[in-house]
Each structure stands twice: as structure tokens, then as C-alpha cells.
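Read the structure below first, then the notes.
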Amino acid sequence: MRFIFFIAAITWLTDAVATPLNQFQVIGSHNSYKKVLNLGVKKELSRLNPKLTAQIDYGHINIVDQLNSGIRHLEIDVLKDPNGGLYLKPWAEHVSSEALFSEQEIEQLSTPGFKVMHIPGVDVQSHCILFSHCLNNLKKWSQANPLHYPIVIMINVKETGTSIDPQPSTLKFKASDYHSLDAVIKQTLSDSLFTPDNLRKSTLSLNETVTQFGWPNVDLLRQKFIFLFDGKKSQTSLYKKNRPSLRGASMFAHYEANQPEAAFMIVNNPVKHFEKIQKLIASGYMVRTRADALLDAKSSNKIKQFNAAKNSGAQIISTDFIPGSPQQVRFNYVVQFDHGHVVRKTPFNLNHI
Numbered sequence: 000m001r002f003i004f005f006i007a008a009i010t011w012l013t014d015a016v017a018t019p020l021n022q023f024q025v026i027g028s029h030n031s032y033k034k035v036l037n038l039g040v041k042k043e044l045s046r047l048n049p050k051l052t053a054q055i056d057y058g059h060i061n062i063v064d065q066l067n068s069g070i071r072h073l074e075i076d077v078l079k080d081p082n083g084g085l086y087l088k089p090w091a092e093h094v095s096s097e098a099l100f101s102e103q104e105i106e107q108l109s110t111p112g113f114k115v116m117h118i119p120g121v122d123v124q125s126h127c128i129l130f131s132h133c134l135n136n137l138k139k140w141s142q143a144n145p146l147h148y149p150i151v152i153m154i155n156v157k158e159t160g161t162s163i164d165p166q167p168s169t170l171k172f173k174a175s176d177y178h179s180l181d182a183v184i185k186q187t188l189s190d191s192l193f194t195p196d197n198l199r200k201s202t203l204s205l206n207e208t209v210t211q212f213g214w215p216n217v218d219l220l221r222q223k224f225i226f227l228f229d230g231k232k233s234q235t236s237l238y239k240k241n242r243p244s245l246r247g248a249s250m251f252a253h254y255e256a257n258q259p260e261a262a263f264m265i266v267n268n269p270v271k272h273f274e275k276i277q278k279l280i281a282s283g284y285m286v287r288t289r290a291d292a293l294l295d296a297k298s299s300n301k302i303k304q305f306n307a308a309k310n311s312g313a314q315i316i317s318t319d320f321i322p323g324s325p326q327q328v329r330f331n332y333v334v335q336f337d338h339g340h341v342v343r344k345t346p347f348n349l350n351h352i
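Using numbering that gives the first Met the number 0, you'd call the opening residue of the sequence shown number 0 and step up by one each time.
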């Protein structure tokens, strides 16, 4: 796999000098940090809520190994834990077949700071418990792999739990918490970030910038990280509070096309919203979509959604079935472009898509 990506990398590097970022397509992992369910947790959860179990019964290899395999899009879920210890004793621990956390992870869970997990109390095992630890892993990998293709990282802020384990309740983010989250990203990755301020023309909004001038060439973005906040309207409203056009922000975020902050969109269903994605891309926006949504969907439905995703021209395509994932073997299904590539120059004319 790594050899295949090396060949692919030569292809896009040859073209990248004069090719804008939005003229590439990238396949990445959904909930990239997530480990597979513990067997004891899976058994008890299947008894209590088989539908939920079917939805979350997947996982990934660690993030560094994903990057080494060629993956250039990741997703990370973040939870607020300002005092530490909030997620230290989950329901899952009482039904697990073995210890869920190592001593180091217990120490990290006890530490104040943003935590990373899928569903508090239930699906709690992560390849990096602390958000800052995830970022440090990215930083170390990037330093060891200079001039890599820019990596897009989507962030979800988790503020709800599940009735299976209602305590402790998750904490709501305030505007100040989003500033703190931005600060952690900036402090860790600093000069490796490509932010809204880096894109925006000084006299224009983000929206005006991308629709009039587009995105930089990939050659100028090598060894960069681009963060995208996937939030509900209430969350993205807080995120942009007191910083119009995302001035000073670490992340791009999903806003409707008529808003000054709009530059990078999230449209999850490429089958239902195929034409919408095409129109957004033709206007100059970046779009992230999903190649699959239901883990246990029929292969024909998965293929239909992936075909819609790549044919829509969406630049970022998220999947549970990246090459080398546990799900690939289990379902005998994988999401990739021709010849095993996970990054490609788009075959479409984006102005006439």
C-alpha cells in the first residue's frame, strides 16, 4: 500500500506546482482516532441496543499508520473536560472483557484538557485520549515527512452522550471554549497551520476570497494542516462570535454560501445533494462529503454513495473503509480511487461540472 501511494504521490507532485488545492480529491477516514469495540462491551451493548452496536462496530489503525499508508484526511471528536477525570469511569468499563485504559491513558483522562472519544460512557477507546496528544502525533509525523501533501482534519465537538450511561453528562462549549480549542491547535502546530487568515484577502471576506480568487496551489501548502469544524448552527454561531470572517480562527467551519465565513462546506449525502455539491464546487468552495454512512448497508448502496461522492467532485471524501481498515477485511469492501490511490487530481473541469 505504501509503495502504491508513493507512485501516486509522484503523479500529483508533478502537477501540484500549478494546481490549486480544490482541484484534488482525497479519501480519508471517518472517526480516525477510534479503536474497535471491546468484545465485552460489544456483547452487552448488542443486548441493550443492537441498532447502536451495528452503527459503531468499527475502528481504525492508529493515526500515524494511516498517514504512513497515504491517508491525508482525518476526523477527530473533541469533548470538554476542564478539570480532568470527567470520563474516567465509563459504563463500558463495568462490562469490558479486559482493561479499557492503560496506566498512561488513565493519567491522561485525569488531566484537564480536551478529550477524544466517540460516545462518552460507551465507545470510549481512542488511539489518542488527549486532543493535544493527537496533535503532537501529527506534528511529529509531519516533521519526519517533510513536504507532504496538506492534511485536512475535521473536528466535531461532542456535547451529548447516551441514555446507556447518562452520567457524567457531557459539557456544553461556550465561545471561550472554542477559543481555547483554537489555542491548543495553534500552540501545537503553529507555522504548520493554514488558517482562514492565511487564505483571506485583506479587504475581502472568506466567501469573497474563494469565489473570486480560489485556493492556493498545493505546492504552497505542502507540510500544512487545514482544520475544518463540523458543527451544528448553534455551535458554528458561537465559533465565529466576535471574529467576523473567522479572523484569528484556527479552523475553517461550515457556513452557508451566503455568509462571509463560507469557504469550506460539509455536505454529508452526495446521493441526495449531488447537484448542490457540484454547484458549490463550481463556485470555488471546498466540499467534504461521505462515501458511506451506514456500516452494514448493502455493498450496492455503499458503491452507489461512493460513486456519487467522487463524481460530484467533492474534494474530501470520508469513509469507514479506508485501505487497511479492519472493516475492509470483515466486509470485503474498500474505498479507493483507481489503482489503489487515495489522493488524485480531479478528472473534472470544476468550472463546468
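Note that the Cβ used here is the ideal one computed from N, Cα and C, for glycine as well.
- Checking the DSSP bridge columns, you'll see residue 72 partnered with 151.
- For residue 308, the enclosing alpha helix (DSSP H) has its first and last residue at 298-311.
- Residue 27 has 317 as its beta-bridge partners, per DSSP.
- Contact between the stretch 100-112 and the stretch 47-62 is not established, with fewer than three Cβ pairs separated by less than 8 Å.
- Per DSSP, reduced to three states, the secondary structure at residue 45 is helical.
- Under DSSP, residue 19 takes part in a beta bridge, and its partners are 216.
- Sequence-distant Cβ neighbours of residue 155 in its own chain, meaning closer than 6 Å and more than five residues away, are 76 and 229.
- In this model, residue 147 and residue 141 are separated by some 7 Å (Cα to Cα).
- Looking only at 94, 109, 302 and 95, the smallest Cα-Cα distance to residue 83 is reached by 109.
- In the three-state DSSP reduction, residue 164 falls in the strand class (E or B).
- Taking all protein chains shown into account, residue 319 has 16 or more neighbouring C-beta atoms within 10 Å of its C-beta and is therefore buried.
- Separation of the CB atoms of residue 160 and residue 120 is rounded to 6 Å, and the pair is thereby assigned contact status at 8 Å.
- The Cβ atoms of residue 198 and residue 192 do not sit closer than 8 Å to each other.
- Per DSSP, the continuous beta strand (DSSP E) segment holding residue 252 begins and ends at 250-252.
- Just so you know, the alpha carbons of residue 233 and residue 260 end up roughly 15 Å apart.
- Contact between the stretch 320-334 and the stretch 63-77 is present: three or more C-beta pairs spanning the two stretches fall below 8 Å.
- Counting other Cβ atoms within 10 Å of its Cβ, residue 247 stays below 16 and is therefore classed as exposed.
- Judged by DSSP in its simplified three-state form, residue 209 adopts helix.
- Taking 8 Å as the cut-off, the Cβ atoms of residue 21 and residue 285 count as close.
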